[in-house]
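For the sequence shown, the numbering used here gives the first residue as 9, with consecutive numbering after it.
Glycine included, every Cβ here is placed at the ideal spot set by N, Cα and C.
Have a look at the structure below before the remarks.
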Amino acid sequence: LQVQSRRLEEANVALKVLLKQMENKKREDEESILSNVRQLVFPYLQRLKKSHLDKDQKILVDMIENNLGHITSPMVRRLSSSVLNLTPMEIRISHLVKEGLTNKEIADILGTSLNTVTSHRYKIRTKLGLKNKGINLRSYLMSLEE
Numbered sequence: 009l010q011v012q013s014r015r016l017e018e019a020n021v022a023l024k025v026l027l028k029q030m031e032n033k034k035r036e037d038e039e040s041i042l043s044n045v046r047q048l049v050f051p052y053l054q055r056l057k058k059s060h061l062d063k064d065q066k067i068l069v070d071m072i073e074n075n076l077g078h079i080t081s082p083m084v085r086r087l088s089s090s091v092l093n094l095t096p097m098e099i100r101i102s103h104l105v106k107e108g109l110t111n112k113e114i115a116d117i118l119g120t121s122l123n124t125v126t127s128h129r130y131k132i133r134t135k136l137g138l139k140n141k142g143i144n145l146r147s148y149l150m151s152l153e154e
């Protein structure tokens, strides 16, 4: 019984070491992705922004830049957690709401109807526990960044 207990303790220690290594590798990968986006993507976005774009194209480039900048943000991690169960579209709409865009602007950017955006906002509020609470969705989403 003591031998089995010792083996279990050793296995537990080995698993903890392995878990720590995996967490470190994940953190390194996240930092590498962020660095690559900053060095390999943002410079081209800046050049694109300086070119002759129409209003809609400028909005799209700004949204691409903002989304890439927020890939590793705490808000995205919280919104995409399995506890909240937000869909990818709901996460995109949440980002745009947080940026201060109107429902119509969001619909135009995402190429969807105003009713679809309104419906997704309702689902977002429900999943975040904000339904019938009088809490501003944008303010709440901004507080998730902190």
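- Three or more Cβ pairs closer than 8 Å define a contact, and the stretch 96 to 109 meets that threshold against the stretch 68 to 76.
- Excluding its 5 nearest sequence neighbours in each direction, Leu61 has C-beta neighbours in its own chain below 8 Å: Val69, listed in chain order.
- Close CB contacts of Met97 within its chain, under the 8 Å cut and outside five residues either way in sequence, are with Leu118 and His128 (chain order).
- For Gly108, there is no enclosing alpha helix (DSSP H), as DSSP marks it with neither H nor E.
- Inclusion of Ile114 and Val125 in the CB contact set at 7 Å is warranted, their separation being smaller than that value.
- Collapsing the DSSP output to three states places Thr120 in coil.
- The Cβ atoms of Ile132 and Ser151 lie no closer than 7 Å to each other.
- In the structure shown, Thr134 adopts helical secondary structure according to DSSP, grouped into three states.
- In the structure shown, His128 adopts helical secondary structure according to DSSP, grouped into three states.
- A residue is called buried once 16 or more other Cβ atoms fall within 10 Å of its Cβ, and Leu94 is buried on that count.
- For Leu152, no alpha helix (DSSP H) encloses it, and the DSSP letter there is neither H nor E.
- Judged by their CB atoms, Leu76 and Val25 are not nearer to each other than the 7 Å cut-off.
- Leu9 has its alpha-carbon roughly 53 Å from the corresponding atom of Leu138.
- Distance from the CA of His78 to the CA of Leu149, rounded to the nearest whole angstrom, comes to 13 Å.
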